[in-house]
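There are 4 protein chains.
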Amino acid sequence: MAPKIRTKPRKRPLQARSVETVEAILTAAARILVKDGYDATTTNKIATKAGVSIGSLYQYFPSKESIVAALVERHRTEMHRVIAARLGQHQGHSIRENVRALLEVVVEVKRLDPKLHRVFVEQVPRIGELPAIFDVNQQLAVAITAVLESRPEKLRPKNLDLASYVLVNTVLAVTHAVLVERPENLEDGSLVEELTDLAVAYLVGAEH
Amino acid sequence: MAPKIRTKPRKRPLQARSVETVEAILTAAARILVKDGYDATTTNKIATKAGVSIGSLYQYFPSKESIVAALVERHRTEMHRVIAARLGQHQGHSIRENVRALLEVVVEVKRLDPKLHRVFVEQVPRIGELPAIFDVNQQLAVAITAVLESRPEKLRPKNLDLASYVLVNTVLAVTHAVLVERPENLEDGSLVEELTDLAVAYLVGAEH
Amino acid sequence: MAPKIRTKPRKRPLQARSVETVEAILTAAARILVKDGYDATTTNKIATKAGVSIGSLYQYFPSKESIVAALVERHRTEMHRVIAARLGQHQGHSIRENVRALLEVVVEVKRLDPKLHRVFVEQVPRIGELPAIFDVNQQLAVAITAVLESRPEKLRPKNLDLASYVLVNTVLAVTHAVLVERPENLEDGSLVEELTDLAVAYLVGAEH
Amino acid sequence: MAPKIRTKPRKRPLQARSVETVEAILTAAARILVKDGYDATTTNKIATKAGVSIGSLYQYFPSKESIVAALVERHRTEMHRVIAARLGQHQGHSIRENVRALLEVVVEVKRLDPKLHRVFVEQVPRIGELPAIFDVNQQLAVAITAVLESRPEKLRPKNLDLASYVLVNTVLAVTHAVLVERPENLEDGSLVEELTDLAVAYLVGAEH
DNA sequence: AATGAATGAGCTTTCATTCAT
DNA sequence: TATGAATGAAAGCTCATTCAT
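Residue numbers (my numbering), protein chains in the order written: chain A, 138 to 345; chain B, 138 to 345; chain C, 138 to 345; chain D, 138 to 345.
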């Protein structure tokens with residue numbers, strides 16, 4: 138047989154139906170990921186739940202990983218949207234208020250889809266380019282450093298870079314742990330209070 | 138549906154030879170786990186790398202999970218050994234010194250086999266009885282709470298339970314992140330210093 | 138393993154294609170079952186002989202047992218078809234004729250696929266729901282009891298239930314043994330003659 | 138692939154201890170065979186239950202099959218002993234009494250170890266030299282033919298060879314079925330009675 | 001574009017058997 | 001002789017991916 142010549146370029150999902158299909162796949166994938174975990178998430182399950190044939194699935198996503206990557210990317214975008222919408226609103230207030238504002242952003246971000254977020258953090262293998270989620274850390278660190286540098290004279294830590302790194306990781310990790318193990322402390326605001334105390338005490342001293 | 142996964146070793150090695158075999162299996166498993174991650178760790182790879190037949194592997198471990206479980210258990214025991222050996226040495230000193238001592242224990246624990254520890258924390262599925270690693274958190278939380286309760290009059294946080302929970306997670310997460318991303322700050326002691334500042338400021342105020 | 142060699146161009150419509158696959162699997166399974174016995178019948182052998190990948194096999198049958206079960210079911214259906222088509226035709230004739238008719242049905246049933254039938258009877262593990270074959274015994278017992286009860290006054294056995302049980306097992310077992318060891322007595326009709334003598338003598342006395 | 142399967146014992150137990158070991162192995166094998174079926178009977182299970190190392194087991198038996206073969210052989214010997222002890226005692230009596238005596242032998246034989254017998258008949262693969270059990274059929278057929286030929290003038294069946302073949306299979310199969318499905322008819326003697334009726338009616342007519 | 005049948009490498013696990021001690 | 005550690009072929013089965021229709 139003569140070699141097949143591709144005359145038709147691959148169509149992008151520009152049409153309404155294609156968008157719907159992609160949407161259905163991602164929604165199904167997210168649900169299965171949350172319910173069954175990464176390993177038990179198979180492309181066939183996803184296709185079935187999405188009401189799409191496995192062939193169609195592979196027309197839009199070249200691999201299982203690419204589906205998860207798209208989900209991660211979407212989640213990351215959401216997070217960035219939240220962060221961008223909230224940061225910078227509290228300029229000029231007291232340091233405690235700025236810190237609290239940052240923390241509220243973090244909590245809001247973590248709440249976007251906590252179960253899915255958890256799967257990303259805990260189960261998705263650290264292979265390839267996947268965990269672009271974690272540049273959120275970077276973004277938050279930058280924001281925190283900005284706050285810190287706006288009042289350097291008042292701060293205790295000498296190494297601001299290390300300090301903000303420490304704070305970012307503290308806040309994200311504690312929020313994550315609380316989300317998973319003690320969600321009630323997220324709801325009643327006691328976590329934000331506690332972390333604010335911690336951060337302020339660390340940065341400027343207990344009396345603030 | 139899901140058959141019970143055995144996580145207990147199948148039989149005890151009676152002869153010196155079999156002890157060696159078990160050792161070889163665990164060593165190989167640890168290496169592959171670190172190099173390839175949990176999913177790509179297969180029993181056949183382990184057996185091959187251990188220089189042992191797949192049959193021998195299954196004579197000592199009834200499943201892939203049981204091998205990881207043995208590794209986790211061994212790691213946990215090591216951690217407990219370190220903790221037990223170090224805790225309680227600094228009784229009667231200042232709160233700063235007690236906190237620093239605790240932090241040094243944490244760093245030492247995290248250093249035991251950081252790469253393997255990372256795999257346990259990040260990749261090993263949260264199924265069955267596996268992650269007994271995490272009772273280390275518990276143990277550290279107890280130790281911290283003990284320190285806190287020995288001087289309750291001087292402390293700022295009202296909810297000591299939440300406070301120690303926050304501190305434990307802070308310390309473990311930050312140490313972990315630094316270990317992975319900025320090991321130099323572990324070596325030069327700046328991390329311990331920074332975390333001590335953070336903890337003391339949080340607990341009693343900045344002047345201490 | 139084996140390089141993909143296409144010997145048959147498949148140009149059938151979708152629906153027919155999978156029917157063919159299922160058919161090929163069942164045919165191959167039956168042959169291997171007969172040739173090698175139940176234990177030596179492996180799913181890979183079946184797939185290979187069927188000219189189908191092991192993956193395809195498992196797309197239609199979830200387990201080795203399910204393949205055998207399908208074969209059993211199909212065989213059972215065939216048997217029932219034969220029985221239903223023949224029973225009741227000889228109503229009103231002499232008891233000897235009724236008995237002979239029944240026996241001819243049995244022989245016909247046993248001949249459907251004697252070798253396969255033998256495997257089912259002798260080798261297929263008595264686990265699960267598998268050997269639904271044996272409700273044929275039940276069905277035949279019912280038919281025989283019906284014949285017996287239509288003329289109870291003339292019969293020698295007092296316990297008709299036990300008598301029909303004895304007769305059914307006699308007829309099936311002897312037919313089976315002859316099929317396996319002395320097929321010539323099946324062909325020449327001497328078996329049916331002999332069993333008719335036996336049954337009639339047993340039921341009503343030798344002179345009939 | 139499949140190497141020749143040895144079925145003959147490897148060496149003879151000359152010393153008392155060896156005899157005990159062989160005995161222990163056979164006893165264990167019989168129990169496991171009955172409890173778990175042929176497939177689930179593994180050499181390691183047998184060795185463990187016998188309190189013997191797997192190495193020792195293979196010192197006395199060259200293969201799994203040879204153990205089963207020994208068990209079959211032993212069972213066959215027992216059966217022959219019973220048959221030999223009972224046959225010929227009723228010479229000179231009426232045909233009904235002779236038939237009944239034969240049937241009682243059959244029942245006694247089947248009762249020797251019914252569960253084990255059942256495993257032999259139903260599960261043990263028909264490979265190699267194994268099923269020497271079935272020469273019991275032969276032996277019984279011979280005995281029956283002898284009875285028949287001692288009074289040829291009185292018998293209805295013309296083909297005595299086929300008749301005794303039919304009778305042997307009838308008696309063995311029905312007894313087996315009753316043993317498995319209706320043991321109470323074995324205990325109360327009604328089976329022997331019924332089969333005697335059947336055989337006598339078949340051989341000489343109902344009036345006897 | 002959509003379909004879904006087909007693929008097959010590769011996984012975990014078992015078990016009869018061998019052989020060094 | 002006894003032991004039990006070691007062996008490895010082979011089994012059942014999964015699932016990401018391809019491709020003919």
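The beta carbon of each residue, even a glycine, is placed where N, CA and C say it ideally should be.
With hydrogens ignored, establish whether the beta-carbon of residue i is closer than 7 Å to any heavy atom of the ligand HEM.
{"i": "Ala221/A", "result": "As presented, the structure is devoid of all ligands, the ligand HEM included, so that no description of it is given."}
Would you kindly work out how many angstroms separate the C-alpha atoms of residue i and residue j, rounded to a whole number?
{"i": "Gly188/A", "j": "Phe198/C", "result": "23 Å"}
{"i": "Asn306/D", "j": "Leu285/C", "result": "23 Å"}
{"i": "Glu330/C", "j": "Ala338/D", "result": "15 Å"}
{"i": "Leu340/A", "j": "Arg293/B", "result": "16 Å"}
{"i": "Glu202/D", "j": "Val171/B", "result": "45 Å"}
{"i": "Asn181/A", "j": "Gln196/C", "result": "12 Å"}
{"i": "Gln260/A", "j": "Ala314/B", "result": "17 Å"}
{"i": "Ser193/C", "j": "Ala206/C", "result": "18 Å"}
{"i": "Lys295/C", "j": "Ser190/D", "result": "57 Å"}
{"i": "Ser200/B", "j": "Gly174/A", "result": "20 Å"}
{"i": "Tyr302/B", "j": "Arg255/B", "result": "21 Å"}
{"i": "Leu277/B", "j": "Ala153/A", "result": "55 Å"}
{"i": "Glu91/C", "j": "Ile183/C", "result": "There is no way to answer for residue 91/C, as the model of chain C reaches only from 138 to 345."}
{"i": "Gly342/A", "j": "Val159/A", "result": "51 Å"}
{"i": "Val308/B", "j": "Val258/A", "result": "18 Å"}
{"i": "Lys291/B", "j": "Lys186/A", "result": "57 Å"}
{"i": "Ile359/D", "j": "Asn322/C", "result": "Any answer about residue 359/D is impossible in this case: the structure gives chain D only from 138 up to 345."}
Determine, using beta carbons only, whether residue i and residue j come nearer to each other than 8 Å.
{"i": "Ile162/C", "j": "Ile204/C", "result": "yes"}
{"i": "Ile232/C", "j": "Arg288/C", "result": "yes"}
{"i": "Ala166/A", "j": "Leu208/A", "result": "yes"}
{"i": "Thr333/C", "j": "Arg237/C", "result": "yes"}
{"i": "Ala300/B", "j": "Leu239/B", "result": "no"}
{"i": "Pro251/B", "j": "Leu316/B", "result": "yes"}
{"i": "Glu215/C", "j": "Leu249/C", "result": "yes"}
{"i": "Ala310/C", "j": "Ala310/D", "result": "yes"}
Measuring only between beta-carbons, confirm whether residue i sits less than 8 Å from chain A.
{"i": "Val311/B", "result": "yes"}
{"i": "Asp325/B", "result": "no"}
{"i": "Ala238/B", "result": "no"}
{"i": "Gly188/B", "result": "no"}
{"i": "Glu331/B", "result": "yes"}
{"i": "Ala278/B", "result": "no"}
{"i": "Glu157/B", "result": "no"}
{"i": "Ala184/B", "result": "no"}
{"i": "Ala338/B", "result": "yes"}
For residue i, decide whether its Cβ has a neighbour in chain B, counting only Cβ atoms nearer than 8 Å.
{"i": "Ile142/A", "result": "Confidence at Ile142/A is low in this model, with a pLDDT of 35, below 50, so the placement of that residue should be treated as unreliable; the coordinate-derived value is given next. Not an interface residue."}
{"i": "Asp272/A", "result": "no"}
{"i": "Tyr197/A", "result": "no"}
{"i": "Ala166/A", "result": "no"}
How close, in whole Å, do the beta carbons of residue i and residue j come, if the pair is a contact with beta carbons under 8 Å?
{"i": "Val246/D", "j": "Leu224/D", "result": "Not a contact, Cβ separation roughly 11 Å."}
{"i": "Ala336/B", "j": "Leu297/B", "result": "About 14 Å; that fails the 8 Å criterion."}
{"i": "His393/D", "j": "Leu253/D", "result": "Residue 393/D is absent from the model: chain D starts at 138 and stops at 345."}
Please report whether the beta-carbon of residue i lies at a distance below 8 Å from any beta-carbon of chain C.
{"i": "Ala206/D", "result": "no"}
{"i": "Asp176/D", "result": "yes"}
{"i": "Gly192/D", "result": "no"}
{"i": "Asn235/D", "result": "no"}
{"i": "Asn366/D", "result": "The shown model of chain D, from 138 to 345, leaves out residue 366/D, and the question about it has no answer."}
Does any CB atom of chain D fall closer than 8 Å to the CB of residue i?
{"i": "Ala139/C", "result": "Residue confidence for Ala139/C is low, a pLDDT of 32 falling below 50, so the modelled location carries little weight; the figure read from the coordinates is stated next. Output row for Ala139/C: interface = no."}
{"i": "Leu335/C", "result": "yes"}
{"i": "Ala314/C", "result": "yes"}
Item to complete: Below 8 Å between beta carbons is the criterion; list the residues of the segment 284-309 of chain A that meet it against any residue of chain B, in chain order.
Response: Residues Arg293, Pro294, Asn296, Leu299, Ala300, Tyr302, Val303, Asn306, Thr307 and Leu309.
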